[in-house]
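Chains as they are written, first to last, in our numbering: chain A, 3 to 198; chain B, 16 to 225.
By construction, the Cβ of each residue, glycine as well, lies at the ideal position given by its N, Cα and C atoms.
Shown next, in structure tokens, is the structure this report addresses.
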Ligand SMILES: [Zn+2]
């Protein structure tokens, strides 16, 4: 059977699509790597995002800030499909954790601040001990450099809530980076596998 | 400002997220406060380490590959035609094109029949590409002569895309509209790795159906 290759109808739109998205593939790939923690999974996730975005290329033509727009699609896809499909262990909701960490607890004394370990290995290991919600915030905001305004769009969380979450996430990270390491994330263990 | 309030804002200070007034106020305090100077240095180190957390390097060909893949999967026209290859058969002028085999460069041109495209009307022109085996990641390029345009894409003179050849007969069909009663040559090129084959198809445009 003959295979008919017929490409003309979308040739021009396709090149617009490619041109507009090409500069953002690398940041999307990085974000996907941060979320999935695996470069092959990241490639697959970005590919799925692009397939999902392609039918929306007319909408894309009118979007000024492509990176947060596409990042939001990627993040949603990661949460809704990807993580569920891969049956990654989900940690407890961040809400009890936030209640647990009151304002007083979130503050570091001057002495604490000077005790803080800041070497790369310690920072990486502390980050891995954070709840997923907090880790994602730190990775996106402090590591990848997304602004809070961008994160408001990507994570669909109001700015005020984001600010306090970032504050709490950083405070939690710093507690983990204190030399004595007495403060652990309250809901770190046991992890559960969520099957929805 | 209290030291505790200053320390709470150190991450924003290091990131440069504060408004100028707040930043000036903080810097003034930090300059005069040893404890806060030390804390600021720690905060800077912490944020530098966060920024230094390694991440995989994206393969250099990934962006182009992924974008093309998305465009290929998202093409409704392609699926429609593949599902109903015979629907268009009646109106197609079939050009017996090339046999795509690995090897040296090859240009097919001499001896091809002139394809006639009516002025102001669409003629589906199909190029046959014979492949002895399937090829992935094949680059296709088409350059149109000035006497025809692609239906619905009057400004598109040259276009390229990536796709695959299946084993057997592949058909590349182009809806051409004659715009100028003149002669010309359509050039179709198929590239796979180092193998590059071109097809030069003489096109004539005539008033009325030629
Ligand atoms: Zn101070």
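- With a contact defined as Cβ atoms closer than 8 Å, residue 220 of chain B and residue 132 of chain B qualify at about 5 Å.
- Annotation: the continuous beta strand (DSSP E) that includes residue 133 of chain B extends over 130-133.
- For residue 217 of chain B, the pairing in a beta bridge is given by DSSP as B:200.
- The residues 192, 193, 194, in chain order, have a CB closer than 8 Å to that of residue 135 of chain B in the same chain once the five nearest residues on each side in sequence are set aside.
- For the pair of segments examined, the stretch 165-184 of chain B was found to touch the stretch 145-152 of chain B: the number of CB pairs separated by less than 8 Å reaches three.
- If the five residues before and after residue 47 of chain A are omitted, its C-beta is found closer than 8 Å to the C-beta atoms of 34, 37, 38, 76, 79, 80, 84, all from its own chain and listed in chain order.
- The Cβ of residue 75 of chain A sits no closer than 8 Å to any Cβ of chain B.
- At least one heavy atom of ligand 1 lies less than 7 Å from the C-beta of residue 51 of chain B.
- Per DSSP, residue 149 of chain A lies in no alpha helix (DSSP H) segment and is marked neither H nor E.
- Residue 31 of chain A belongs to the set of residues whose beta carbon lies under 8 Å from a beta carbon in chain B.
- In the structure shown, residue 160 of chain A adopts coil according to DSSP, grouped into three states.
- Per DSSP, the continuous beta strand (DSSP E) segment holding residue 143 of chain B begins and ends at 137-146.
- A straight-line Cα-Cα distance of about 20 Å links residue 34 of chain B and residue 56 of chain B.
- Annotation for residue 48 of chain B: 18, 21 place their beta carbon closer than 8 Å to its own, counting only its chain and skipping 5 residues before and after.
- Bridge partners of residue 156 of chain B according to DSSP: B:175, B:204.
- Looking at the DSSP output, residue 150 of chain B bridges to B:180.
- Burial is judged here by how many other beta carbons sit within 10 angstroms of a residue's own beta carbon; residue 74 of chain B has fewer than 16 and is exposed.
- The stretch 75-88 of chain B and the stretch 45-59 of chain A touch, with three or more beta-carbon pairs separated by less than 8 Å.
- Sorting B:53, B:209, B:156 by C-alpha distance to the C-alpha of residue 113 of chain A places B:53 at the top.
- With a threshold of 7 Å, the Cβ atom of residue 18 of chain B counts as near ligand 1, since some heavy atom of the ligand is closer than that.
- A direct Cα-to-Cα measurement between residue 135 of chain A and residue 127 of chain A gives close to 16 Å.
- For residue 171 of chain A, same chain residues with a beta-carbon under 6 Å away, outside a window of 5 residues either side, are 136, 139, 140 in chain order.
- The beta carbon of residue 16 of chain B lies closer than 6 Å to those of 44 in the same chain, with the five residues before and after it left out.
- The Cβ-Cβ distance between residue 120 of chain A and residue 41 of chain B does not fall below 8 Å.
- Per the coordinates, the alpha-carbon of residue 28 of chain B lies some 7 Å from the alpha-carbon of residue 38 of chain B.
- Across the set A:150, A:66, A:69, the C-alpha of A:150 shows the shortest separation from the C-alpha of residue 168 of chain A.
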